[in-house]
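S.K.:
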Amino acid sequence: MEDGNKIAEKENRSPKEHEIMEEIDYVGGKKLRKKDSFDMESTGEMDTCHRQVPGWGTILTLAFQCIGVVFGDLGTSPLYTLPGIFPDGIKHNDDLLGALSMIFYVIVLITLIKYILIVLAANDNGDGGTFALYSLICRHVKISMMPNQQAEDREVSNFKLEMPNRRTRLASAVKSKLESSKAWSYFLLMMTLTAVSMVIGDGILTPCISVLSAVGGIKLAASSLSQDAIMWISVVILIFLFQIQRFGTDKVGYAFAPILLIWFAFLACIGIYNFFRYDPDVIKALNPWYIVMYFKRNKKDGWISLGGVILCLTGSEALFADLGHFNIRSIQLSSCCVLLPSILLAYFGQCSYLRKHNDDILDSFYKSIPGPLYWPQFVLAVLASVIASQSLISASFSIVQQSLALGCFPRVKVVHTSEKYEGQVYVPEVNFLLMIACVGVTLGFKSTIEIGNAYGLAVAFVFCITSTFLILVMVMIWKTHPLLVLLYMITICAVELIILSSVFYKFIDGGYLPFAFALIMVIIMFIWQYGYRKKYQYELENKVSSEKLTNLASDLKIHRLPGLALFYTQLVHGVSPIFSHYVANVPALHSILLFVSVKTLPISRVSPEDRFLFQRVGASDLIFRCVVRYGYCDPERNKEGLEQILVDKLKQFIELHETDREEASRQLAKVDNALREGGVVYLMGEGEVVASSSSNFAKKFAIDSCYSWLSRCVRQQDEVMRIPRKRLVKVGMTYEV
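Counting in UniProt numbering, the sequence shown runs from 1 upward without gaps.
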């Protein structure tokens, strides 16, 4: 009778009620979420968990730290910007007003309005960079290349996006267009990989140009010093810079921030002094008409000089990429109160000096320094140039961590350097490669002219890609009014495209360098992502069914060993085919078997309450699986307490989901006996990927040569997970994809 009432009640439900009730199952008086995509219940109700809002004490502390980490590149741009605009000298005195006006307005438009006020708001739960924008888009549009999406992931508290309730035709049209074509998925992925590769390329070029520019100032006091000597001094400084990265952003920030504060104070004071002493009329540069007159006088040469103007914006992308090391308020506060006023005063002071000394343009920074302050400012310039490199190096570490977590970068060691502040990481292998590349570029180019050309192209390219992603976020996620989006496009985007066209003109004069770096990085990242995806798809297509798993577990020919076995696999939909391969060759299973999949969601962090998903597999009461979910910026997933957490969560799952209390007690007793008699044993599958015989040459080369070689060179999965070697059993299998 009760069942009949339930059926009648079900038939009277509205379609919406059907949709809601199909997701809910009542077991033992508890509501459990179910999803067809994964067939798995969570370990309990998921409480909404938001990132803790920092107090003003933390904000001020981080604002002080980020001065020493994030602003060095922008802060040292007065060393080389004006010489980059006028490499052949100043042809007309009013050209200085035009150049100064361009510097002022691009800093306001791009650094202040675009990055500090708009782009920082497009963060992913406090983390920035191109991958943060890409992850926001992936969560709103089905363009992810990995077939491991689960409906349960949308229940994670940080997964849902806070956005307006209203819908617009433009947002729906753009979303439909992106989802309807696989080509758009590849295009956005390639744009993401290109952008992050360019930022890593900036991490190579920034130390070179900053240190060479600063050290070059010693020629004014020691004219006998050759360019080779300056080059070798720079190399020594660069090696020292990369050696201190192991101490972490936290300690480096505290050490560097006081130095850079003094540097900014000197910039501002010297700028004010020069402004009033030489030519206060440079204030007329606030009138943008001088930009029009500049281009009217210089025509093509004026357009080419935009490649030098962009040097005043170097480091703007680092404000966003380094966001995970700090937070929005700390960067906005220190930017508006310290960074922008200081560098703008420095530029106005330099131009005021140059209005009276046109011939000093190539050494304008040092020659505009009052005599008694030369040596203090020189020492500060060298120290500031070292600090300038820190912003892009830290950004490179963050990017590699995000790329690694999303399966787009070969496995490397990621060290979290601060327990107090999230997101501060150090990657030893990447640090070493950056150091080698920096030394190579410095020895190869020796001067800042060609490095400046390369630098400008990398910066302009990243600006344009970030703007493209930002427009997608505005349209599809923020639901920004179309007129405001159009205004952004005809102002900021137009300026960036014009500058990009200018820096391309100098492609053969050093501009090819960032493209060479980016090409190598994109090839490595794409091949790794391609092989990683093909391997996952093979496992998904050949997964072990629940029925087959039950038959294997109940086969009397298979010997049962005491202990709890953790079988690590990448697959989250079903059981990896490596398991049946293992049983076929080793006919023995442990008394308790738990399949563990470690998965990265397209969000920055996953709260501990949302991390574990458990399911009972097949008809057996002692085979389970668990998906351990992390965000791409979560602290290292290989904590040694993970083993105990998994055991505790397994027991909680049995208690929560077993309706018969006696049966629950019996199963818990079996788990305890297994742990007492055999302990925990790790089983890990190692699938070697080879291209099928029918594959074309390109696929065979990518899989058999490139991906296989990368797999052998990088850290193995058990190293990354820090699995005890004495309790590890590896199972090998060849995947033909």
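Just so it is clear, CB atoms sit at the ideal spot from N, CA and C, and this is done for glycine as well.
By Cβ distance, which residues of its chain are closer than 7 Å to P78, with the 5 residues on each side in sequence left out?
M.R.: If we look at P78 and ignore the five residues flanking it on each side, its Cβ neighbours are L267, I343, A346, Y347, Q350, F365.
S.K.: Could you tell me which residues DSSP pairs with A222 in its beta bridges?
M.R.: Partner(s): none; A222 has no beta bridge.
S.K.: Do you know offhand how far K367's Cα is from D360's?
M.R.: Roughly 7 Å between the two C-alpha positions.
S.K.: Secondary structure at A588, three-state DSSP: helix, strand or coil?
M.R.: Here A588 sits in strand by DSSP.
S.K.: State whether the region 89-104 contacts the region 461-475, with contact taken as three or more CB pairs (one from each stretch) at a distance under 8 Å.
M.R.: In short, these stretches do not touch, since the Cβ pair count stays below three.
S.K.: Got a sec? Which residues, its chain only, sit under 6 Å from L362 by beta carbon, not counting five neighbours each side?
M.R.: So the list reads P83, once near-sequence residues are dropped.
S.K.: Is it right to say W709 is buried, meaning 16 or more other beta carbons lie within 10 angstroms of its own, or is it exposed?
M.R.: With fewer than 16 other Cβ atoms within 10 Å, it is exposed.
S.K.: Checking the sheet assignment: what are the DSSP bridge partners for Y347?
M.R.: Partner(s): none; Y347 has no beta bridge.
S.K.: For C633, does the three-state DSSP call read helix, strand or coil?
M.R.: Note: C633 maps to coil in three-state DSSP.
S.K.: Can you give the beta carbon distance from S335 to I59, rounded, assuming they're within the 8 Å contact cut?
M.R.: Rounded, the Cβ-Cβ distance is 13 Å, inconsistent with contact.
S.K.: Spatial neighbours of V156 within its chain, please: C-beta separation below 8 Å, excluding the five flanking residues on both sides.
M.R.: The answer, listed in chain order, is M46, L601, I603, V606, S607, D610, R629.
S.K.: Check whether the region 582-597 touches the region 669-679, counting contact only when three or more Cβ pairs, one atom from each stretch, lie closer than 8 Å.
M.R.: Short answer: they touch.
S.K.: By a C-beta neighbour count over all protein chains shown, 10 Å radius and 16 as the cutoff for buried, is G732 buried or exposed?
M.R.: By the neighbour-count rule (16 or more Cβ atoms within 10 Å), G732 is not buried but exposed.
S.K.: Using a threshold of 8 Å, state whether the C-beta atoms of F320 and G128 are closer than that.
M.R.: Against a cut-off of 8 Å, the Cβ pair of G128 and F320 comes out as a contact.
S.K.: V598 to V627, Cα distance in whole Å?
M.R.: Spanning the two alpha carbons is a distance of roughly 6 Å.
S.K.: Specify the secondary structure class of R616 as computed by DSSP and reduced to three states.
M.R.: If DSSP states are grouped into helix, strand and coil, R616 belongs with the strands.
S.K.: From the DSSP output, read off the bridge partner residues of T734.
M.R.: Paired residue(s): E688.
S.K.: Whole alpha helix (DSSP H) runs in the region 257-301 with 4 or more residues, listed along the chain?
M.R.: Qualifying alpha helix (DSSP H) stretches, in chain order: 289-298.
S.K.: Decide yes or no for the touch test of the region 238-247 against the region 422-440: beta carbon pairs closer than 8 Å, at least 3 of them.
M.R.: Yes, they touch.
S.K.: Taking C-alpha atoms, which residue in V714, G685, T76 lies nearest to L260?
M.R.: It is T76.
S.K.: Throw me the rounded Cβ distance for the I110 and I492 pair, which I believe falls under 8 Å.
M.R.: Contact holds; Cβ gap of about 6 Å.
S.K.: Closest by CA to A384, which one among N585, V459, I262?
M.R.: Ranking N585, V459, I262 by Cα distance to A384 puts I262 first.
S.K.: Short check: CB of G531 to CB of I703, under 8 Å?
M.R.: The answer is yes: Cβ separation under 8 Å.
S.K.: By the three-class DSSP mapping on this structure, what secondary structure does I723 have?
M.R.: If DSSP states are grouped into helix, strand and coil, I723 belongs with coil.
S.K.: If you drop the 5 nearest sequence neighbours on each side, which residues of the same chain put their C-beta closer than 6 Å to that of K175?
M.R.: Taken in chain order, the residues that qualify are V141, M476.
S.K.: Rounded to a whole number of angstroms, what is the C-alpha to C-alpha distance between L566 and V415?
M.R.: Those two C-alpha atoms are separated by around 25 Å.
S.K.: Compare the C-alpha of residue 756 against each of A584, Q570, N542 and name the closest.
M.R.: Residue numbering for the chain in the displayed model covers 1 to 737; residue 756 lies beyond these limits and cannot be assessed.
S.K.: Under a three-way DSSP split, which group does H559 fall into?
M.R.: H559: strand per DSSP, three-state reduction.
S.K.: Rounded to whole angstroms, what's the CA-CA distance from E719 to L728? Just pull it up for me.
M.R.: If I take the Cα positions, the gap works out to 11 Å.
S.K.: How many Å lie between A228 and K446 at the Cα?
M.R.: A quick correction: the sequence has Asp, not Ala, at residue 228. Computed Cα separation, rounded: 7 Å.
S.K.: Mind listing, in chain order, the continuous alpha helix (DSSP H) runs of no fewer than 4 residues lying wholly within the region 642-684?
M.R.: The qualifying runs are 642-657, 661-677.
S.K.: Can you have a look at I283 and say buried or exposed, based on whether 16 or more other CB atoms are within 10 angstroms of its CB?
M.R.: Burial call: exposed.
S.K.: Starting from T206, trace the alpha helix (DSSP H) in both directions and tell me its first and last residue.
M.R.: 182-215 is the extent of the alpha helix (DSSP H) around T206.
S.K.: Would you mind reading off the limits of the alpha helix (DSSP H) that contains A121?
M.R.: A121 -> no alpha helix (DSSP H), and no H or E assigned at all.
S.K.: So V215 and S234 are in contact, right, with Cβ under 8 Å, and what is the actual spacing, rounded?
M.R.: Their Cβ separation, rounded to whole angstroms, is 5 Å, which keeps V215 and S234 in contact under 8 Å.
S.K.: I want to check one thing, is the minimum distance from the CB of A99 to the heavy atoms of the ligand COA below 7 Å?
M.R.: Among the components of this structure there are no ligands whatsoever, and the ligand COA is therefore not found.
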